[in-house]
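Numbering (UniProt numbering), first residue to last: 1 to 285.
Glycine included, every Cβ here is placed at the ideal spot set by N, Cα and C.
The structure presented is a predicted model; accordingly, all values stated were derived computationally and were not measured.
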């Protein structure tokens, strides 16, 4: 086996930077090409990986297929990249294409998975290291690390945990992968699940839901995501943080979505279907 692997890295965002830095410092790796987002990319946790001749800041791998074919790398590693990798690319590297997905595959394949998991009240998820196949997020599982989701964790907290898990996985398993010792486990796609990309409508708070559901929605799309939205007197508000209040001295038949109090610290107490939410961080648009 030759001393160095020729690797193409595709990615961005904070977890992509962590994995790129590990590979870039690894003496057994020669990164021949980096496909990453443009410096003006507006995605959450966008992180600039670097500059130089080997960087292609394209926002899409489709513009780089010829370059990938010409380089004929041993391995492609993808992290912090939401675009599907075209099937045409998957067959180019002799060791395949390796990616990372923030879910316990085969469950929660697809898009916006961390936000959906928090909104649905998950208490844990995983970061999965897997081999790409022609089925989205459906390739062989190489490794998984469990990530706890506490009831007071917001999306940014979970993204921090994903970053930490990314470093743990690449450190532990890349040496095995390089030596050919890491064998994948085939996914049972018959028992898996798929998440769709979230839309603007998914950010709207429905006050006739129970407090936990609304609280989880707010946690799921807080900073650095766009925030949960609501309207009071035709004014739009972005809600970033909240607390559940089980009881409040106000008539029990108050309509959900009613602001029942504005506190001295400018927090607002709003009626839900079953209780109240204190909006502790918000802004008017």
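- In the displayed model, residue 17 falls within a helix according to three-state DSSP.
- By the criterion of a C-beta distance shorter than 7 Å, residue 226 is surrounded in its chain by 203, once the five residues flanking it on both sides are discounted.
- Each residue's CA atom was taken as its position, placing residue 245 and residue 6 some 56 Å apart.
- Segment contact: the stretch 13-30 against the stretch 166-186, three or more CB-CB distances shorter than 8 Å; contact assigned.
- Taking a contact as a CB-CB distance under 8 Å, the pair residue 149 and residue 220 does not count as one, their CB atoms being some 10 Å apart.
- Contact between the stretch 106-126 and the stretch 191-198 is present: three or more C-beta pairs spanning the two stretches fall below 8 Å.
- In this structure, the alpha-carbon of residue 102 lies about 37 Å from that of residue 265.
- Within a 10 Å sphere around the beta-carbon of residue 161 sit 16 or more other beta-carbons, which makes this residue buried.
- Residue pairing from DSSP places residue 10 in a beta bridge opposite 35, 78.
- Sixteen is the threshold: since fewer than 16 other Cβ atoms of the shown chains lie within 10 Å of the Cβ of residue 52, the residue is exposed.
- Residue 93 counts as buried, since no fewer than 16 other beta carbons sit within 10 angstroms of its beta carbon.
- Straight-line measurement puts the Cα of residue 285 at about 49 Å from the Cα of residue 71.
- For residue 28, same chain residues with a beta-carbon under 7 Å away, outside a window of 5 residues either side, are 3, 4, 5, 178 in chain order.
- In this structure, the straight-line span from the alpha carbon of residue 211 to that of residue 125 is close to 23 Å.
- Within the UniProt domain "Formyl transferase C-terminal" (200-283), complete alpha helix (DSSP H) segments of at least 4 residues are found at 211-220, given in chain order.
- One alpha carbon belongs to residue 280, the other to residue 20, and they sit about 37 Å apart.
- Within the same chain, Cβ atoms closer than 6 Å to the Cβ of residue 275 are found at 211, 246, the five residues on either side in sequence being excluded.
- Taking C-beta atoms under 8 Å as the contact rule, residue 224 and residue 45 qualify, at a distance of about 6 Å.
- About 17 Å separates the beta carbons of residue 81 and residue 138, which is beyond the 8 Å limit, so they are not a contact pair.
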